[in-house]
Every structure is written in structure tokens, then in C-alpha cells.
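Below: one structure, written as C-alpha cells.
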Amino acid sequence: MQASSSGIPPTSAGSKSADTSEIIAIIHKKASSGRRRMDPTSEWDCNDCEDEFYPQHVKERNRWSGAAYRGDWDEIFSVFLSRPWSITAPRSRLTNWNPQIVAEESTMMGRFANSRRLYTKKELQMKNHRRSGYTVLHQAAYCNASEEIVGGLVALGCYRRLASKDGRPVDIARARGFTNLIPLLEPPPDRLPNISDEQMEKIQTHLNEVVKEESRNLFKPETMTMIDLKIFREVEKIWMPVPGMYGGFDLSFDGDHLVSQSHCRVVGGSGMTYHITAEEAKLVDSGWG
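Here this note's numbering is used: the first residue of the sequence shown is 12, the next is one more, and so on.
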């Protein structure tokens with residue numbers, strides 16, 4: 012999803028219609044009232060390989076990442092409100108498209124808020140390939156989207172602490188001189204001030220080993236991206252499914268330690284609970300589920 016020197020001009024804010032402004036206003040209203048249900052933003056999609064997804068999902072994701080690359084914000088918010096291909100419920104309520112009705116009713120608006128670009132397996136296997144780690148908020152910071160657009164993305168649930176290869180969204184805006192965006196992109200107050208960056212790095216290392224062990228090596232670093240624990244400084248709980256595991260990892264912090272609860276839904280009693288500190292990953296419960 013990353014822009015390049017041959018991509019969007021650095022001063023281009025992209026396009027935006029009146030409908031997009033209306034959708035953004037609804038997002039802010041829901042966020043401020045506490046009625047927002049953007050549950051998919053609390054799921055970490057670790058898979059970066061498009062070969063592992065259904066073609067319809069790849070098409071939807073590519074539409075999303077392509078729009079972010081171009082700075083086409085009307086298209087971005089149109090994808091937010093579109094009906095996911097995987098939902099098989101009757102379409103009657105979405106037949107006559109009305110942004111307010113759809114935004115008020117949709118619980119899937121944020122499903123791509125923190126998604127990264129998908130790559131082919133061949134691309135991922137290239138020797139010098141490096142995944143950008145850009146989400147739509149990184150891209151908005153890169154191409155100097157309007158304050159209205161950036162504010163809407165933040166309200167929707169885009170992570171401000173998530174780092175790409177070029178840093179967090181606020182780092183990108185600062186490096187490119189877009190000072191007007193910095194207040195909007197500054198991360199929220201730290202939820203884990205008691206855990207230093209050094210301690211977090213050690214917890215991350217232990218988690219990586221737990222995921223490798225409990226997923227039975229189904230987590231493949233060559234085609235997947237491990238969750239960055241720094242985002243827990245702004246969110247409370249995240250679910251990380253692992254392709255092929257028929258399950259995944261529920262992750263949250265409790266005091267000075269990360270709680271990892273993993274399970275495979277097709278294997279009874281596969282549940283494993285770890286308490287992970289900077290010093291160790293300790294198995295505290297097993298056999299549940």
C-alpha cells in the first residue's frame with residue numbers, strides 16, 4: 012500500500028465527495044457516542060500472501076489498497092460501506108444505497124482499517140523483497156490527505172502506533188512536512204506506561220516463540236506478519252487467527268504481562284494460556300476449549 016516517488020504527488024490530498032463527508036460525520040458521531048462497533052479492527056490479519064485467500068477477498072483487498080495508493084478517498088469509504096463478499100445474508104437492506112443507513116447498521120466498516128497490502132507468494136519469496144507495512148492511515152499521512160479524511164480514519168479505528176518500514180503515520184507526516192496532520196496522528200495516551208519499550212521488545216520475542224510452538228509451525232514468517240505488540244499501547248484486546256490452525260491467539264495485557272490464549276476449534280482441549288513477561292513465557296493453564 013506504500014506510495015513511491017512515482018506514485019501520488021506528495022501534496023495531493025486526493026478526491027472526496029459530499030457522500031464521503033456525510034459518512035465521516037456518521038463515523039465521528041458513532042465514535043463519540045460509544046456506539047461504534049468496528050470489531051474487525053480488533054483482529055490482526057497476519058497473512059500477507061494473496062495466494063492463501065479466496066479470489067473474491069483478494070479482489071476486495073486489492074480494490075482497497077489500490078484506492079489508498081491513489082489517494083481515492085471516495086473509493087476507500089465506499090469499500091468501508093460495501094457488503095463483504097463472504098456475507099450471505101439477504102441484500103435487501105443495502106439495495107438502495109444510503110450512506111447514513113448503511114453506516115449506522117454496518118458492523119464490518121472497519122474490516123480493512125488496519126490491513127496491509129497483499130503480495131503473491133512469488134513476490135514474498137524474492138530475495139530483496141521488503142513488505143512496506145503500510146495501512147490506509149500510513150498512506151493518508153504519506154499523500155497529505157485532508158484533515159477531515161485523516162480524522163475519519165482515526166475515528167474508524169486505524170492504529171496510530173502501528174509502524175511501517177517508514178515509521179508510524181505521524182512519523183511519515185512529520186518527515187514529509189505535513190505539520191497540519193501531526194496533531195491528528197499523534198498516538199493516544201499510553202495504556203501501558205508501566206512497560207518500557209525494552210520490556211515490550213522482550214515480551215514480543217517470547218510471544219513469537221509461543222506462536223511458533225502453539226501453531227505447530229503453521230505461522231510462517233516468510234508469508235505472514237507477526238502482530239506488533241506496541242499497538243496494545245492504544246487497544247485493549249486483539250484476536251490473531253493463524254491460517255491452517257483453525258483457531259488462533261486471543262491477546263491482551265494484564266498488569267505487567269501479556270496474556271496469550273490459543274486454541275484450535277476442531278480439537279477439543281487444545282486451549283493453552285500463557286502469561287508472558289519480559290523475563291519468560293509461562294504456561295499457566297491448558298486443556299480447555
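Here a beta-carbon is modelled for each residue, glycine too, at the ideal position from N, C-alpha and C.
Open item on the list: Please identify the residue among T288, H274, E290 whose C-alpha is closest to the C-alpha of G298.
Closed with: In the sequence shown, the residue the question calls residue 298 occupies position 287. The option with the nearest alpha carbon to G298 is H274.
- [ ] Using the Cα positions of L148 and Q272, report the straight-line distance between them to the nearest angstrom.
- [x] For the purposes of this step, residue 148 is identified with residue 137 of the sequence shown, where counting begins at 1. For the purposes of this step, residue 272 is identified with residue 261 of the sequence shown, where counting begins at 1. The straight-line gap from Cα to Cα measures roughly 29 Å.
Task: Separation of Y285 from R48, as counted between CA atoms - done: Numbered from its first residue, the sequence shown carries residue 48 at position 37. Numbered from its first residue, the sequence shown carries residue 285 at position 274. Caution applies to R48, whose pLDDT of 43 falls short of 50 and renders its modelled position unreliable; the value that the coordinates give is listed next. When rounded, the distance between both Cα atoms is 28 Å.
Task: Cβ neighbours of K132 in the same chain (closer than 7 Å, five flanking residues each side left out) - done: For the purposes of this step, residue 132 is taken as residue 121 along the sequence shown, with counting starting at 1. These residues qualify, in order along the chain: C60, D62, T234.
Open item on the list: Is it the case that the segment 204-217 contacts the segment 285-294, given that we only count it when at least three CB pairs across the two stretches are under 8 Å?
Closed with: The answer is yes - the segment 204-217 touches the segment 285-294, with three or more Cβ pairs under 8 Å.
Open item on the list: Please identify the residue among R179, G282, R122, A42 whose C-alpha is closest to the C-alpha of V222.
Closed with: Within the sequence shown, the letter at position 211 stands for residue 222. Measuring from the Cα of V222, the nearest candidate turns out to be G282.
TODO: Work out the CA separation of D265 and N73 for me, nearest whole Å.
DONE: Counting from one through the sequence shown, the residue named residue 73 turns up at place 62. Counting from one through the sequence shown, the residue named residue 265 turns up at place 254. Rounded to the nearest angstrom, the two C-alpha atoms are 37 Å apart.
Task: Straight-line Cα distance separating Y130 from M137 - done: For the purposes of this step, residue 137 is taken as residue 126 along the sequence shown, with counting starting at 1. For the purposes of this step, residue 130 is taken as residue 119 along the sequence shown, with counting starting at 1. Distance between the alpha carbons of M137 and Y130: 11 Å.
Task: Spatial distance of D50 from T190 (CA atoms) - done: Taking the first residue of the sequence shown as 1, we reach residue 50 at position 39. Taking the first residue of the sequence shown as 1, we reach residue 190 at position 179. Because the pLDDT at D50 is just 47, under 50, the model does not fix this residue reliably, and the value given afterwards should be weighed accordingly. Distance between the alpha carbons of D50 and T190 is about 31 Å.
- [ ] Round the Cβ separation of K241 and R172 to the nearest angstrom and send it over; I've been treating them as touching at under 8 Å.
- [x] Mapped onto the sequence shown, residue 241 falls at position 230. Mapped onto the sequence shown, residue 172 falls at position 161. Rounded, the Cβ-Cβ distance is 5 Å, consistent with contact.
Open item on the list: Between which residues of its own chain and S226 is the CB-CB distance below 7 Å, once the five residues before and five after are set aside?
Closed with: Taking the first residue of the sequence shown as 1, we reach residue 226 at position 215. The residues are V253, M256.
Open item on the list: Using the three-state DSSP reduction, which class does S32 fall into: helix, strand or coil?
Closed with: Along the sequence shown, read from residue 1 onward, the residue named residue 32 stands at position 21. It is helical.
Open item on the list: With a threshold of 6 Å on Cβ separation, who are the neighbours of F88 within its own chain once the five nearest residues in sequence on each side are excluded?
Closed with: As a working mapping, residue 88 is identified with position 77 in the sequence shown. T31, I34, listed in sequence order.
- [ ] Going by CA-CA distance only, name the one from E224, F260, N228 that's closest to I238.
- [x] Indexing the sequence shown from 1 puts residue 238 at position 227. Ranking the options by Cα distance to I238, first place goes to F260.
Task: Inter-residue spacing [alpha-carbon to alpha-carbon] between V90 and A36 - done: Locating residue 90 in the sequence shown gives position 79, where the first residue counts as 1. Locating residue 36 in the sequence shown gives position 25, where the first residue counts as 1. Straight-line Cα distance between these residues: approximately 17 Å.
Task: Top-ranked residue by Cα proximity to L309, from G279, K248, E71, S157 - done: The displayed coordinates of the chain run from 12 to 300. Any statement about residue 309 would go beyond what the structure contains.
Task: Separation of F123 from P232, as counted between CA atoms - done: Indexing the sequence shown from 1 puts residue 232 at position 221. Indexing the sequence shown from 1 puts residue 123 at position 112. When rounded, the separation of the alpha-carbon atoms in P232 and F123 is 21 Å.
Open item on the list: I'd like to confirm the pairing. Which residues does DSSP put opposite P252 in its beta bridges?
Closed with: Mapped onto the sequence shown, residue 252 falls at position 241. Residue pairing from DSSP places P252 in a beta bridge opposite G259.
Open item on the list: Does F264 come out as helix, strand or coil in the three-state DSSP assignment?
Closed with: Start at 1 with the first residue of the sequence shown, and residue 264 comes out as number 253. It is a strand residue.
Task: DSSP three-state assignment for Y2, whether helix, strand or coil - done: With the chain covering only 12 through 300, there is no way to say anything about residue 2.
Open item on the list: Whole angstroms are fine: how far does the CA of G280 sit from the CA of I169?
Closed with: Within the sequence shown, the letter at position 158 stands for residue 169. Within the sequence shown, the letter at position 269 stands for residue 280. A quick correction: the sequence has Cys, not Ile, at residue 169. Between C169 and G280, the C-alpha separation is close to 35 Å.
Open item on the list: DSSP has A292 in a bridge; who is on the other side?
Closed with: Here residue 292 is taken as the residue at index 281 of the sequence shown, counted from 1. DSSP lists I287 as partners of A292.
Open item on the list: In whole angstroms, give me the CA-to-CA distance for Y80 and G178.
Closed with: The residue given as residue 80 occupies position 69 in the sequence shown. The residue given as residue 178 occupies position 167 in the sequence shown. Using only the alpha carbons, I get a separation of about 17 Å.
TODO: Just confirm the distance between the C-beta atoms of I38 and L195, as a whole number of angstroms; I'd bet it's less than 8 Å.
DONE: Against the sequence shown, residue 38 aligns to sequence position 27. Against the sequence shown, residue 195 aligns to sequence position 184. At roughly 14 Å, the Cβ-Cβ gap does not stay under 8 Å, so I38 and L195 are not in contact.
Open item on the list: For I183 and Y153, which I take to be in contact (beta-carbon distance under 8 Å), what is that distance rounded to the nearest angstrom?
Closed with: Numbered from 1 along the sequence shown, position 172 holds the residue referred to as residue 183. Numbered from 1 along the sequence shown, position 142 holds the residue referred to as residue 153. Yes, I183 and Y153 are in contact; Cβ-Cβ is about 5 Å, under 8 Å.
- [ ] Evaluate V165 with the Cβ neighbour count: other Cβ atoms within 10 Å of its Cβ, from every protein chain shown; 16 or more gives buried, anything less gives exposed.
- [x] Taking the first residue of the sequence shown as position 1, residue 165 is located at position 154. Per the 10 Å Cβ criterion, buried.
- [ ] Helix, strand or coil for H274, going by three-state DSSP, please let me know.
- [x] What you label residue 274 is simply residue 263 of the sequence shown in a count that begins at 1. The three-state reading of DSSP puts H274 in strand, counting E and B together.
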